[in-house]
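Here the sequence shown stands for residues 72 to 267, numbered as in our numbering. Notes follow the structure.
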Amino acid sequence: MDKNLTNTNLIESRSQFSFKLEGENEVDASLLAKTIGDIAELAKLAANTEDPEAYIKMNVTAFKNGSFQIDFSAICEAAKTLFDKADKIAAFALSVVGVVKGIFEIKKFLKGKKPKAIKDESTKIISVEDDAGNKITVPRSSAIVINNVRADQLTINIASYMQEHNPNGGFTISTEQGDLRCEPEDVKQISKAVAY
């Protein structure tokens, strides 16, 4: 994004999501820092895939008791001229959060295997088919985890941190569009690289 743009030329949208680690109410500080850093980088990759001109800032808004839950706020900024309708502006951060959730849905679904097929369902949605013929639909930009080694590595890192935190626990990503629950077996599968 052009650093010379003033705030009056930018439109901001916000969305929140949470990442809940199963297990105790505490977590190793360095493990937590790595998890937060990798989730933030993954969200930036998602935002860049949705719109290369947009800027995303991730804030940690709260830590909650009950296992260990991290609440994030995704704040997206983009030039007013990039959006032709106000509803697209308001929904941008929500779509980025949906992409992040979709990345983990793909990883959980594929279990470290290559997808059999990826098909367009609409301009914003794709279906991913596994080798058994099962399908899921996710935001189109979530496919970054299949064709971008860095995005895949970030999900592997996050799953590995979760296994280190609690080998018998999983995690849940909660968004306005619903929850994605990953059991311990799912976490093991997410920690595998996508077969390219």
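Even for Gly, the Cβ is constructed at its ideal location relative to N, Cα and C.
Only counting the same chain, and skipping five residues up and downstream in sequence, which positions put a Cβ closer than 7 Å to that of residue i?
{"i": "Asp191", "result": "Ile197"}
{"i": "Ala118", "result": "Ala125, Ile127, Cys147 and Val167"}
Please classify residue i as buried or exposed, where buried requires at least 16 other C-beta atoms within 10 Å of its C-beta.
{"i": "Val98", "result": "buried"}
{"i": "Arg34", "result": "With the chain covering 72 to 267 only, the question about residue 34 has no answer from this structure."}
{"i": "Thr106", "result": "buried"}
{"i": "Lys185", "result": "exposed"}
{"i": "Thr132", "result": "exposed"}
{"i": "Gly249", "result": "exposed"}
{"i": "Arg252", "result": "exposed"}
{"i": "Thr194", "result": "exposed"}
{"i": "Gly173", "result": "buried"}
{"i": "Ala114", "result": "buried"}
Is any non-hydrogen atom of the ligand COA found closer than 8 Å to the C-beta of residue i, if you look at the structure I gave you?
{"i": "Arg211", "result": "The ligand COA is not part of this structure, which contains no ligands at all."}
Does DSSP put residue i in a helix, in a strand, or in coil?
{"i": "Asp223", "result": "helix"}
{"i": "Glu256", "result": "helix"}
{"i": "Val265", "result": "coil"}
{"i": "Gln248", "result": "coil"}
{"i": "Ala203", "result": "coil"}
What distance in whole Å lies between the Cβ atoms of residue j and residue i, which are believed to be in contact at a cut-off of 8 Å?
{"i": "Gly240", "j": "Glu93", "result": "3 Å"}
{"i": "Asn130", "j": "Phe143", "result": "7 Å"}
Please work out which residues of its chain come closer than 6 Å, Cβ to Cβ, to residue i, disregarding the five sequence neighbours upstream and downstream, and give them in chain order.
{"i": "Ser86", "result": "Ala145, Ala164, Leu165 and Val168"}
For residue i, which residues from the same chain have a beta carbon less than 8 Å from its beta carbon, with the 5 sequence-adjacent residues on both sides left out?
{"i": "Lys206", "result": "Ser198, Val199 and Glu200"}
Which runs of the alpha helix (DSSP H) fall wholly inside the segment 77-134 and span at least 4 residues, in chain order? 100-121
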